[in-house]
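Report on the following structure.
2 protein chains.
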Amino acid sequence: MGNLLIAHGGGPTPVINSSLRGVVEQAKKQPQIGGIYGARFGVEGVLNEAFIDLGAQSEAAIRGLSSTPASALGSCRRKLKSDDYPRILDVFKKYDIRYFLYNGGNDSMDTCNKIAALAKDSGYEMRVIGVPKTIDNDLMHTDHCPGFGSAARYVAVSTLELWKDVQSLPIHVCIMEVMGRNAGFITAVSALARKSEGCGPHLIYLPERPFIREQFLEDVSAWHKRAGGVLVVVSEGLCGPDGAPLSDSGVVDGFGHKVPGGVSQHLSELVIRELGIKSRSEKPGLLGRCSIPLQSPVDRDEAYQVGALAVRAACEYKTGFMVSITRECEDPYRAGYGLVPLSEVANAERKFPDNWINARGNDINPDFIKYCAPLMGAALPDYIDLDLTPVKKL
Amino acid sequence: MGNLLIAHGGGPTPVINSSLRGVVEQAKKQPQIGGIYGARFGVEGVLNEAFIDLGAQSEAAIRGLSSTPASALGSCRRKLKSDDYPRILDVFKKYDIRYFLYNGGNDSMDTCNKIAALAKDSGYEMRVIGVPKTIDNDLMHTDHCPGFGSAARYVAVSTLELWKDVQSLPIHVCIMEVMGRNAGFITAVSALARKSEGCGPHLIYLPERPFIREQFLEDVSAWHKRAGGVLVVVSEGLCGPDGAPLSDSGVVDGFGHKVPGGVSQHLSELVIRELGIKSRSEKPGLLGRCSIPLQSPVDRDEAYQVGALAVRAACEYKTGFMVSITRECEDPYRAGYGLVPLSEVANAERKFPDNWINARGNDINPDFIKYCAPLMGAALPDYIDLDLTPVKKL
Chain A
11 MGNLLIAHGG GPTPVINSSL RGVVEQAKKQ PQIGGIYGAR FGVEGVLNEA
61 FIDLGAQSEA AIRGLSSTPA SALGSCRRKL KSDDYPRILD VFKKYDIRYF
111 LYNGGNDSMD TCNKIAALAK DSGYEMRVIG VPKTIDNDLM HTDHCPGFGS
161 AARYVAVSTL ELWKDVQSLP IHVCIMEVMG RNAGFITAVS ALARKSEGCG
211 PHLIYLPERP FIREQFLEDV SAWHKRAGGV LVVVSEGLCG PDGAPLSDSG
261 VVDGFGHKVP GGVSQHLSEL VIRELGIKSR SEKPGLLGRC SIPLQSPVDR
311 DEAYQVGALA VRAACEYKTG FMVSITRECE DPYRAGYGLV PLSEVANAER
361 KFPDNWINAR GNDINPDFIK YCAPLMGAAL PDYIDLDLTP VKKL
Chain B
11 MGNLLIAHGG GPTPVINSSL RGVVEQAKKQ PQIGGIYGAR FGVEGVLNEA
61 FIDLGAQSEA AIRGLSSTPA SALGSCRRKL KSDDYPRILD VFKKYDIRYF
111 LYNGGNDSMD TCNKIAALAK DSGYEMRVIG VPKTIDNDLM HTDHCPGFGS
161 AARYVAVSTL ELWKDVQSLP IHVCIMEVMG RNAGFITAVS ALARKSEGCG
211 PHLIYLPERP FIREQFLEDV SAWHKRAGGV LVVVSEGLCG PDGAPLSDSG
261 VVDGFGHKVP GGVSQHLSEL VIRELGIKSR SEKPGLLGRC SIPLQSPVDR
311 DEAYQVGALA VRAACEYKTG FMVSITRECE DPYRAGYGLV PLSEVANAER
361 KFPDNWINAR GNDINPDFIK YCAPLMGAAL PDYIDLDLTP VKKL
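For the record, the sequence lines run as chains A and B. For the first sequence, the numbering used here puts the final residue at 404, and the numbers step up evenly by one. For the second sequence, the numbering used here puts the final residue at 404, and the numbers step up evenly by one.
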């Protein structure tokens, strides 16, 4: 017997609340779980003893979590210091927390791993389980991460719509910037919007390959000659061959971090200046991680399942694991679930596989499309094309 | 008897194809209309005699236009020169075009007006009708413009989702940039996302008021102290008190036009530098004018009706008019349709009413919300909020 506490870490996703729903609905079924608490703003809420009672919420509110964006509990980006950990354990003891679930990415899994070890070492009986979450899809030892499928659907549909726009008014090189500082998965998804050869997106640049300025200008110029309107999709994290970010604003924030300068705007200015071609940039930014209309139903369901499974695993005396997703069947797609030791995912970072990028580093190979397509949960919208056969000239 | 030709001018909207569907389906019912042609890429298609046969398209394709973004015909931004007009009349005569519909904004209505006058003066019997279209909502003598309601829905839902994100991870000042270079209507729509006092968007800046740097920094700083996470929405067209664009990239494009520098990025750098607060920018840009998942059903239906009415008006011997929308009933909202002389809308520009902006120039008055709400076609998504009552501290 004891209480359960769940906390969110890092940036929200369109389905992190769906995992929360899975946790709460599963926890209510477990007789050994007493109170079901949520920490406000991640580990900060743990340190401050700022909890809400998830067991006391209305059923409608818990159901509504599945279609509510961002984190309903609040999240944080606080990196814990070594003296924060004993304090956390004290709080757990004070509130009789015997089940702790942490829903986050690499950094959060590291925190989770340390908490699990600390509890074990100090002889306090509790179960600590990580619930995966990241739109970047960069956690190790899971086929993919909850949050990725929805971010993917957002990027694929947005790219398709942008291509329809650029195609119908082909007067510029349009450069869209996509999140994922170090991992190119969501940028790569834009390739799924290409209906046939010659359609946009024409060029795709991931952060896993060094960005070669001269090749980029050559490629843009060639596509402009061929298509008039050109659609380019780039990761916000592009770096040059020297490893330095392609664009930084020259501004340093309060924490001393360099502020990225908006790589799409930087590149569109480059196109105008060097090629004399009209260009513009789009940067949906955070909008790509909070869209409910473009949520993937597969992603939403999987997010629910990983939350529910985390509770069941904790109740089965498991601790120090993260829930993982496996691909049980390719066609029709079917997911399975497992557990991986937190120590194997903590702080490790999965990169976009190099063999899924083409030789020139400006496009994606079909293997990725096969990997990604089912995760978006539904086919892309079937926008029509008119029959453009010209009327015979008189 | 004679043929009908329709062309698109200027930037696409999420419902310009819905107007096209209205035109085609209505034209098929009119025995006096022979061929139904569409010009490829606006007036360029007229000059080049590049037409497609809209009467020969499948019914499914025509139906599918309502849920297909951008312009299915193609559009252009070509400003006609005086010697282009006689050429256009020659093409009309050659193809026996007796009904010409031009679907566009202010510039297109000016073109349309000149074509109508030229046909009349030269004694060539034809009817010329303008079909309104612009996400900017800046056409005169119509309650609102087809395209605005869908762009409004995009901005309102995006602002709401962004606020959920910022609220759940309140670590920065988030500045979203919205289209509408000279008219603030779609930027103002963001106010509809504010569920209650204190919720985002906290600050809204339209291009109709000069942007005062010091006031902006004061306002951001005050909201940051109060809320932690701050959401600001700005128009891409903000200018300082001297009338100069707030931010230009220092780059001049092939046509000699100054390229805007991304006002949201400029302002977020200003916040970091002057206030030492973490800040970031989002610029969905063109995505705001091509989203089908966020299309307004009211807007889609009205766009269909203005297309159909343009055909009926032309068949009733009307020429030199633009179809307008009137507000027949406020509650429940019901639209009516009329005709206004093209001469009265050509080149005129409707500004956001000054009395709908607050005194400090950083927010919108409730009258605008009442005006705008029904045009979005449905209530905003009902995202849930958990009961955040703190668990009693032990």
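Glycine included, each C-beta is placed from N, C-alpha and C at the ideal position.
So who's on the other strand from residue i, going by DSSP bridges?
| i | result |
| --- | --- |
| B:CYS249 | B:PRO255 |
| A:PRO142 | A:GLY114 |
| A:SER13 | Residue 13 of chain A is actually Asn in this sequence, not Ser. According to DSSP, which records beta bridges pairwise, A:ASN13 is partnered with A:ILE107. |
| B:MET332 | B:GLY140, B:VAL350 |
| A:PRO400 | B:ILE62 |
| A:ILE374 | A:ILE367 |
| B:ARG337 | B:ALA345 |
| A:VAL244 | A:GLU187, A:TYR215 |
Can you say whether residue i is buried or exposed, counting buried as having 16 or more other CB atoms within 10 angstroms of its CB?
| i | result |
| --- | --- |
| A:SER206 | exposed |
| A:GLN36 | buried |
| A:GLN42 | exposed |
| B:MET332 | buried |
| B:ASP397 | exposed |
| A:ARG344 | exposed |
| B:ALA388 | exposed |
| A:LYS124 | buried |
| B:MET11 | exposed |
| B:ASN357 | exposed |
| B:CYS339 | exposed |
| B:ALA232 | exposed |
| A:ALA49 | buried |
| B:ASN368 | exposed |
| A:THR399 | exposed |
| A:LYS143 | buried |
| A:GLU69 | exposed |
| B:THR336 | exposed |
| B:SER92 | exposed |
| A:TYR327 | exposed |
| A:ASP148 | buried |
Using alpha carbons as the reference points, say which of the options lies closest to residue i.
| i | options | result |
| --- | --- | --- |
| A:PHE61 | A:PHE102, A:GLN42, A:GLU69, A:ILE43 | A:PHE102 |
| A:ARG322 | A:GLY140, A:LYS89, A:LEU90, A:ALA82 | A:GLY140 |
| B:GLU135 | B:THR169, B:LEU99, B:CYS155 | B:LEU99 |
| B:ALA237 | B:PRO342, B:GLY208, B:ILE287 | B:GLY208 |
| A:GLY250 | A:GLU218, A:LEU149, A:VAL243 | A:GLU218 |
| A:LEU216 | A:VAL243, A:ALA70, A:LEU285 | A:VAL243 |
| B:LEU90 | B:ARG73, B:CYS122, B:ALA71, B:SER77 | B:CYS122 |
| B:PRO96 | B:ALA126, B:ARG73, B:THR78 | B:ALA126 |
| B:LYS288 | B:ILE214, B:GLN225, B:LYS380, B:PRO180 | B:PRO180 |
| A:GLY52 | B:PRO400, B:SER245, B:SER178 | B:SER178 |
| B:GLY55 | B:LEU30, B:PRO79, B:ILE16 | B:ILE16 |
| A:GLY298 | A:GLY44, A:SER76, A:GLY45, A:THR197 | A:THR197 |
| A:LEU280 | A:CYS300, A:GLU228, A:GLY253, A:GLY239 | A:GLU228 |
| B:GLU224 | B:SER77, B:HIS154, B:TYR105, B:LEU285 | B:LEU285 |
| A:SER77 | B:VAL401, B:SER160, B:PRO391, B:LYS402 | B:PRO391 |
| B:CYS300 | B:LEU14, B:ASN27, B:ASN13 | B:ASN27 |
| B:HIS151 | B:SER278, B:GLY348, B:PRO376 | B:GLY348 |
| A:LEU352 | A:ALA82, A:GLU59, A:ARG137, A:ALA201 | A:ARG137 |
| A:LEU172 | A:ASP364, A:ASP153, A:ALA201, A:LYS130 | A:ALA201 |
Starting from residue i, trace the beta strand (DSSP E) in both directions and tell me its first and last residue.
| i | result |
| --- | --- |
| B:SER291 | 289 to 292 |
| B:THR23 | Run containing B:THR23: none; DSSP gives neither H nor E here. |
| B:LEU187 | First, the residue type needs correcting, since residue 187 of chain B is Glu and not Leu in the sequence shown. Taken as a continuous stretch (DSSP letters only), the beta strand (DSSP E) holding B:GLU187 covers 183 to 188. |
| A:ALA324 | Taken as a continuous stretch (DSSP letters only), A:ALA324 belongs to no beta strand (DSSP E), being part of the alpha helix (DSSP H) at 307 to 325. |
| B:ILE43 | 43 to 49 |
| A:ILE394 | It is not in any beta strand (DSSP E) - A:ILE394 carries neither H nor E in the DSSP assignment. |
Just to confirm the assignment, what range does the alpha helix (DSSP H) spanning residue i have?
| i | result |
| --- | --- |
| A:GLU171 | 158 to 178 |
| B:LEU213 | Note, B:LEU213: premise wrong, no alpha helix (DSSP H); beta strand (DSSP E) at 213 to 215. |
| A:TRP233 | 223 to 237 |
| A:ALA70 | 69 to 74 |
9 Å is my cut-off, CB to CB: does residue i come that close to chain D?
| i | result |
| --- | --- |
| A:LYS235 | Going by chain labels, chain D is absent from the structure shown, which instead holds the protein chains A and B. |
I want to know whether the segment 106 to 123 of chain B touches the segment 315 to 326 of chain B - three or more CB-CB distances under 8 Å.
yes
If contact is defined by three or more beta carbon pairs under 8 Å, each pair taking one atom from either stretch, is the segment 156 to 167 of chain B in contact with the segment 289 to 308 of chain B?
yes
Counting Cβ pairs closer than 8 Å, one from the segment 283 to 294 of chain B and one from the segment 178 to 195 of chain B, do we hit at least three?
yes
Using 8 Å as the cut-off, can you tell me whether the segment 365 to 375 of chain A makes contact with the segment 55 to 71 of chain B, which would need three or more C-beta pairs spanning the two stretches below that distance?
no
Quick one: any contact between the segment 16 to 31 of chain A and the segment 115 to 129 of chain A, if contact means 3 or more CB pairs under 8 Å?
yes
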